[in-house]
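Written out below as C-alpha cells is the structure these notes cover.
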Amino acid sequence: MTTDNAVSVSSGSVDDVPAISVVIPTYNRLPRLKLVLDALSKQTLDAERFEIIVVSDGSTDGTNEFLLSEAASSVVVALQDNAGPAAARNHGVRLARGRVVLFIDDDVIASPELLERHLEGHGESGSTVVIGPMLDAPGFDYSPWVAWEQAMLYKQYRAMRLGEYAPTFRQFYTGNASVPRDLISRAGGFDTTFRRAEDVELAYRLAQLGATFVFDEAAAAHHHAERSFESWVGAADAYGRNDVTFARDHEQHWLLPVMASEFKQRSRLTQRLVMTCVTSPRLVAAATKLLRSVAVVTRRAPKVASSALSGLYALTYYSAAAQEYGDPAAFKSILRDGAVDREDSGV
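This is the structure in C-alpha cells:
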C-alpha cells in the first residue's frame, strides 16, 4: 500500500538513532509549517531523542526551497510529486528511524511537552497507539464548519477523559497521534487509494493487529485549521462510506447497529432531516445548500450555526453511507429500526 514517487531526498545531521520520529506531510502551507517547526524546536524532550521528517507533497509555494535551505538543516527532508497525504506519510515512515512514529499535520502547533508525552505513553509496548488532542488555537478565526468540527472534537475528548467510552480506531486522527513503527509496517502502511479518512482506515487495520488505543490529554497541540467547505463535506462523506465499507468488506457486523444507535442520539430535528432526505440525492443537495447558507449567515450566533452544521454533517455522513450500502431505502430502515438482515444486505 506504499508508494515510491520521491524526486529527491536530503537528510539532517542527526547521528544517533532517535527514540521517536515526527512525520509531517505538507502541501503549500509554508508560513504555517514554519510555526510547526519552530514549536518542535522548543520541546522538553532532548533534541537527540527525536528527528523531524517533512515530506513535501508537490508543494509549489517555496516550501521545497525553504526545506533545502540552511534554515531547515536539522530536518530530514523528502520531496515528492503530489500524491496525497497517505503517500506522503508512507514516505516519511520509510525514512523514519525511531521506534515510535508521531504523525502531526502542517497546521498543528505542538505544546512543549508533546513529544515527551507521546513517547512516555508507549513505554515498552509495541502495540500502543497514543492519541493527543488538537485544541483551539487562541485568537484564531475559524470558519463556521471548522469551529463546529473543533467543538465536536472537544466532545470526544471530554467523553474519553470521563471514561464514557474508550478510544478506538474511530478516534484516530493523524493530526496528533503516534504509532510504533514496526506496527505500521505490519499493517502495510496507509492505503494510498484513500485521499480522505486514510487515517481511520489505517487505524482499523492496526486494531485488527491488536493495537490498544490510548488518549493522553496532556499530549496536546493547537490546531490552526483552515479547511474549505467542500473539503469538510468531503470528509463527512468519506467517513460515512468508510464505516459501511468496514462493515461489509471486513465483516465488522457490529458497526451498522452502532451507526443506527448513534443516529438515535442525534436531535429530533436532525433525525427528521436525515430520514426525509437520505434516499434522495436531489433533496440532499438542496438541504446542503440551505444549511451552509444558514451557518454562514449565523456564524456570530454559535448555537444556530452549530445546529445547522450538525444537521448538515449528519445528512452528508448518512446519505453517503446509504449510497455505499447500495440500497438507500434499506439503509433508512436500519437507521429507523436498528436491525440488519445480513442475508438480504450482504453485510
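At position 127 of the sequence shown the residue is numbered 289 (our numbering), and the sequence of numbers has no breaks. The beta carbon of each residue, even a glycine, is placed where N, CA and C say it ideally should be. Nothing here was measured: the structure is a model prediction, and the numbers come from that model.
- Taking the Cβ atoms as the reference, residue 396 lies roughly 6 Å from residue 358, within the contact range of under 8 Å.
- Contact check for residue 204 against residue 274 passes: the beta carbons are separated by less than 7 Å.
- DSSP lists 185, 339 as the bridge partner or partners of residue 265.
- Here residue 310 has 468, 471 as same chain residues with Cβ atoms under 6 Å from its own Cβ, once five neighbours each way along the sequence are excluded.
- Across the set 308, 290, 188, the C-alpha of 308 shows the shortest separation from the C-alpha of residue 298.
- Straight across, the Cα-Cα distance linking residue 366 with residue 331 is about 5 Å.
- Residue 258 and residue 207 have their C-alpha atoms some 18 Å from each other.
- Shortest Cα-Cα distance from residue 379 to any of 249, 295, 247, 224 involves 295.
- Taking 4 residues as the shortest admissible run, the segment 329-377 contains the following complete alpha helix (DSSP H) segments, listed from N- to C-terminal end: 343-349, 360-370.
- Measuring C-alpha to C-alpha distances from residue 238 to each of 193, 184, 224 identifies 184 as the nearest.
- Contact between residue 496 and residue 383 is absent: CB atoms are separated by about 37 Å, not below the 8 Å threshold.
- In this model, residue 302 and residue 269 are separated by some 12 Å (Cα to Cα).
- One alpha carbon belongs to residue 425, the other to residue 456, and they sit about 22 Å apart.
- If you compare the alpha carbons of 478, 473, 256 with that of residue 393, the shortest gap goes to 478.
- Distances from the alpha-carbon of residue 474 to those of 221, 429, 350, 414 put 429 closest.
- Counted as a single uninterrupted DSSP element, the stretch harbouring residue 414 is not any alpha helix (DSSP H), since DSSP gives it neither H nor E.
- Residue 482 counts as buried, since at least 16 other C-beta atoms from the protein chains shown sit within 10 angstroms of its C-beta.
- Using a Cβ distance threshold of 7 Å, residue 224 and residue 264 do not count as a contacting pair.
- The continuous beta strand (DSSP E) containing residue 213 extends over residues 212-219.
- At a Cβ-Cβ threshold of 7 Å, residue 211 and residue 181 count as neighbours.
- Residues 262, 290 of the same chain have their beta carbon placed closer than 6 Å to that of residue 284, with the five preceding and five following residues left out of the count.
- Distance check between residue 375 and each of 459, 293, 218 places 293 closest, using alpha-carbon atoms only.
- Separation of residue 465 and residue 387 (C-alpha to C-alpha, rounded to the nearest whole angstrom) is 21 Å.
- Secondary structure of residue 386 (DSSP, three-state): coil.
- If you look at residue 438, you'll find it in the alpha helix (DSSP H) that goes 430-439.
- In the structure shown, the three-state DSSP call for residue 312 is helix.
- With at least 16 other beta carbons inside 10 angstroms of its own, residue 333 counts as buried.
- Inter-residue distance for residue 320 and residue 343 is about 29 Å (C-alpha atoms, whole angstroms).
- Residue 346 places its beta carbon less than 7 Å from that of residue 255.
- Rounded to whole angstroms, the Cβ separation of residue 449 and residue 431 is 12 Å, and the two are not in contact under 8 Å.
- By the Cβ-count criterion, residue 350 is exposed, with fewer than 16 other Cβ atoms from all chains shown falling within 10 Å of its own Cβ.
- Cβ contact annotation for residue 408 (same chain, cutoff 7 Å, sequence separation greater than five): 366, 414, 417, in chain order.
- For the pair residue 306 and residue 461, the CB atoms are nearer than the 7 Å cut-off.
- Selection 441, 340, 316, 313 evaluated against residue 487 yields 441 as nearest (Cα-Cα).
- For residue 292, the beta-bridge partners assigned by DSSP are 340, 376.
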